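In this note's numbering, the protein residues as written are 124 to 430. Report on one structure; see the data block that follows.
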Amino acid sequence: MNNQEGIQIDFRTLVAILWRAKIFIISITILFSIGTVLFSLSLPNIYRSEALVSIVENEDSSLSGLSSKFGGLASIAGINIQSQSGSKREVALETLKSRSFIKRFINDNKLKPIILAAKDWEPKNNELVYDPEIYEVKSQKWVREVSFPKTQVPSDIEAYRFFMKENLNISEDKDTSFVYISVNHFSPYIAKEILDKIIISINDELRKVDIEEANKSVAFLQQKIEETKNVDMRKIMFDMIETQVQNQMLAEVRDEYIFKTIDPAIADEIKFSPKRAVLCIMGFIIGFFFSVLCVLVSYIYKEQKVE
């Protein structure tokens with residue numbers, strides 16, 4: 124002990140202090156461990172359904188060739204045939220994460236109760252367990268008590284934020300450019316169902332957009348053909364119409380238009396979380412160090428009082 128620089132504890136003294144308080148340390152550690160075990164057992168299982176997809180880039184080689192060959196001539200006539208900025212891949216990924224698409228997807232599939240009111244899953248009956256303080260299943264009414272700005276019936280933006288935070292996960296492999304899309308839920312079957320539907324929906328969404336753009340382009344070009352007398356310009360516009368028709372046909376006949384499934388989703392038998400073993404180990408470690416800290420603080424406090 125060195126009173127001039129405060130209380131200092133060497134290794135032997137530390138071991139002696141902890142050994143004298145071993146009963147207290149063991150008791151607190153066990154208490155924390157038991158508490159963590161009980162807490163982990165109270166947590167419902169979360170299952171993850173994951174799919175591996177590739178994003179199909181429709182290379183518009185015909186339009187690119189026209190752009191390089193006749194781009195200058197077309198620009199004189201007020202027609203832009205330059206390649207679009209931003210790849211199809213970027214557009215597809217941002218659309219998948221967009222508020223408009225996710226909100227529409229949740230409403231079209233009536234997912235609000237499933238993602239916001241469910242609290243567990245009964246595997247024997249394959250039924251979701253809903254929180255009765257949030258949602259009445261029989262009457263299909265929201266009964267939760269919330270404060271402003273939330274409303275009793277969850278808003279679209281609340282459902283979107285919850286879904287993106289708790290349910291939907293999107294990650295990209297930079298080496299292969301493959302995309303992993305996964306959905307977490309209490310029920311592995313609902314997780315798979317939601318994931319399957321979201322892949323179908325995003326393909327349908329992007330297909331619809333491209334078909335509408337192709338139709339508008341064809342209508343615009345047909346009008347320009349009627350107004351144009353220049354033979355070269357008419358040839359360019361006929362080639363452009365052909366390209367747009369080809370793109371439209373491709374969009375209509377291909378089911379997996381942009382997102383092509385490499386490894387489809389499954390209803391996993393193994394839970395994704397919680398990691399109960401990890402929680403129990405953490406509880407043991409926290410309990411041990413907390414009890415040691417309490418013993419040392421108590422010892423230092425007593426020594427200071429003696430001084």
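Just so it is clear, CB atoms sit at the ideal spot from N, CA and C, and this is done for glycine as well. Keep in mind it's a predicted model, so treat the numbers as computed, not measured.
- For I178, the secondary structure class from DSSP, reduced to helix, strand or coil, is strand.
- Rounded to whole angstroms, the Cβ separation of N168 and F309 is 7 Å, and the two are in contact under 8 Å.
- Look at T384 here: in three-state DSSP terms it is strand.
- Under the 10 Å beta carbon count, K235 is surrounded by 16 or more other beta carbons and is classified as buried.
- Closest in C-alpha terms to F228, from the list D333, S396, A282 and T159, comes A282.
- If you draw a straight line from the Cα of R135 to the Cα of S305, it is about 53 Å long.
- Per DSSP, reduced to three states, the secondary structure at S396 is strand.
- The bridge partners DSSP lists for D243 are V252.
- Shortest Cα-Cα distance from S210 to any of M363, K352, S150 and V179 involves V179.
- Sixteen is the threshold: when 16 or more other Cβ atoms of the shown chains lie within 10 Å of the Cβ of F382, as they do, the residue is buried.
- Judged by beta-carbon spacing, N326 lies within the 8 Å limit of E379, meaning their Cβ atoms are closer than that value.
- Leaving aside the five residues that flank L402 on each side, the residues in its chain whose CB is nearer than 6 Å to its CB run, in chain order, T159 and S163.
- In its chain, beyond the 5 residues on either side, D279 and Y283 have a beta carbon closer than 6 Å to the beta carbon of K226.
- Between the alpha carbons of S324 and F224 lies a distance of about 9 Å.
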